Structure formats: structure tokens, C-alpha cells
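Worksheet: the structure to be examined is printed underneath.
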Amino acid sequence: MTPPMTASLKDVVVRRRGKTVLGPVNLDLAADGFTVVLGPNGAGKTTFLKVLHGVERVSGGSVTWSLSDAEARQAQAYVFQSPIMLRRSVRQNLAYPLLLLGYEKAQIAQQVAEWAQSIGLSDALDFPAPRLSGGEKQKLALARALIRKPRVLFLDEPCANLDGRSMRDIETLLAAARQAGTRIIMTTHDLGQARRLAGDVLFLIKGMVHEQGPAATFFAQPSTAEAASFLKGDIVE
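For the sequence shown, the numbering used here begins at 2 and goes up steadily by one.
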């Protein structure tokens, strides 16, 4: 049986040019769920995601996964706010993660066809990915991350600057991934989206976890004045 994949942050601090941008953070993350990270601009949300994913060097403290470092890296995927497209076709973008994992050609072809259909790009498989629209690029980036069935998916503002239809499509993909067992940790500025998707919330201010708990409780009865002001749309510093 596959062991649960949990994470523990102990006294994690990130400093840049002498300024603390994150921490100290002490936090345990469960193996299951859909966590939405909220907070004002500059709160450290993206840095928090990158620390968890291992692409941001910490200045102090430690991030420990319940698996080995190699296993944890292999089990994660990350989708950036501005999707990065390989200068290749849609087909080749989808196939690339599976090629790295050593899948056979027939398996790759099947998976690529299924995922292209799920994101509405079956007719664009041979189209250059960099020439897709913003919404199409984001859906392709998400499908490329999910095609390898990660246990944990990090998402940094995946629907920023997208229209309502693209947002709905991406939320449908995320709901399906969550249903299939993928652990999701996502930042967003869209409170409506957070209400629709979150199982629990982490609320950051000035690089520190200011409040955390079940989403229903956070949105209905925030425990701090800062969180209540944030939810009302007030400026929080």
C-alpha cells in the first residue's frame, strides 16, 4: 500500500536581500484535500508554493516530506500563473512528461488523445502550443501536469486573466483531479473560486500563516479581524 504523502514545515524562513519574505512558518500539511492559499499581494503565497515544491531555497528551517526527496519530487507537479509552453505542438507538449517517464509509444498516444479531448484540443494536436490563446495554454499546462498523475499538484493563480468559460473549464479539470485523488494546493485572488473549490484555507499576511482551517468556517466566521477585512474586500497590509 502506498504511504500517505504529507509535509511538515519547521521554522521555515525565506529572505531576499536582507528582507524576510516568508516565515517563520510552522505547518503540517495533510496528505489529502484541496488547500487554497489566500492573502493580499506580497503576502508570500507564491514563495510558499515554491518552497513546498523545492524550487525556492530556504534561508532557515526545513521542509520535510513523508517520502524521500527523490520520491517527493517525482510525485509533484507545478503549474505557473503564466503557462510555459514548449516550442512544440500540443501533442508534443502533452507527450513530453510521459516520454520522460519511459512510457511506451502506444500508451503515450492513448493518453495524449484522451487528455486532448478533455481540454477541447483534439483538433489542435499538431498546432504550435505557443500560438494558443491564453485559456488554451493554461488548460494545456494543467493537462500536461496531470497526465503523469501527480500525487500533489501546486497551482499559482491558474485562472488569472482568463475569461469565465476558460475558468469554468479549468475548475472542472481540477474537480476531476481532486476526485481522482490528487492533493491540490493553489493560490488565487478570486474569492468566488476559492469558495467553490477550497476544502481548507491558508491565509497569509506578511509572509506568515495568519489563519488556517476548514474553508466553510473561514468564509463564514473568520477568526481574525484581518481575515474578515480581506473577505470584505478591504485593503489589508
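Idealized CB from N, CA, C, for every residue including glycine.
Source: prediction; values computed, not measured.
What residue ranges within the region 133-219 form continuous alpha helix (DSSP H) runs of no fewer than 4 residues, ordered along the chain? 135-147, 165-180 and 192-198
Determine whether the beta carbon atoms of isoleucine 171 and leucine 143 lie at a separation below 8 angstroms. yes
The region 215-235 / the region 58-77 touching (three or more Cβ pairs under 8 angstroms): no
Rounded to the nearest angstrom, what separates valine 64 and phenylalanine 155 at their Cα positions? 15 angstroms
Using 8 angstroms as the threshold, is the C-beta distance between valine 26 and valine 210 below it? yes
Rounding to the nearest angstrom, what Cα-Cα distance links glycine 34 and serine 230 in this structure? 26 angstroms
Let me make sure I understand the geometry here. Which of Asp191, Ala221 and Met168 has the alpha-carbon closest to that of lysine 140? Met168
Whose CA, out of Gln213, Arg145 and Lys138, lies closest to the CA of tyrosine 97? Arg145
Span separating the alpha-carbon of alanine 71 from that of histidine 54: 12 angstroms
Taking threonine 65 as part of the beta strand (DSSP E), name the residues at either end of that continuous run. 61-66
Closer than 7 angstroms by C-beta to alanine 31: which residues in its own chain qualify, once you throw out the five before and the five after it? Chain order, please. Thr7
Would you call threonine 218 buried or exposed, if buried means 16 or more other Cβ atoms sit within 10 Å of its Cβ? exposed
Secondary structure of asparagine 42, DSSP reduced to three states: coil
Quick check on this structure: which residue in Gly234, Pro5 and Gly193 has the alpha carbon closest to the alpha carbon of alanine 216? Gly193
Pull up the distance between the alpha-carbon of proline 159 and that of glycine 135, whole angstroms please. 11 angstroms
Return helix, strand or coil for glutamine 77, following the three-state DSSP convention. strand
With DSSP run on the structure shown, which of helix, strand or coil describes leucine 30? strand
Let me check understanding here. Comparing Cα to Cα, which of Arg149, Leu87 and Pro84 lies closest to leucine 101? Arg149
Spatial distance of histidine 190 from leucine 205 (CA atoms): 12 angstroms
If you draw a straight line from the C-alpha of serine 9 to the C-alpha of leucine 175, how long is it? 24 angstroms
Quick one: give me the first and last residue of the beta strand (DSSP E) that arginine 16 is part of. 8-17
Quick one, which of Ala181, Asp157 and Lys207 has its alpha-carbon nearest alanine 195's? Asp157
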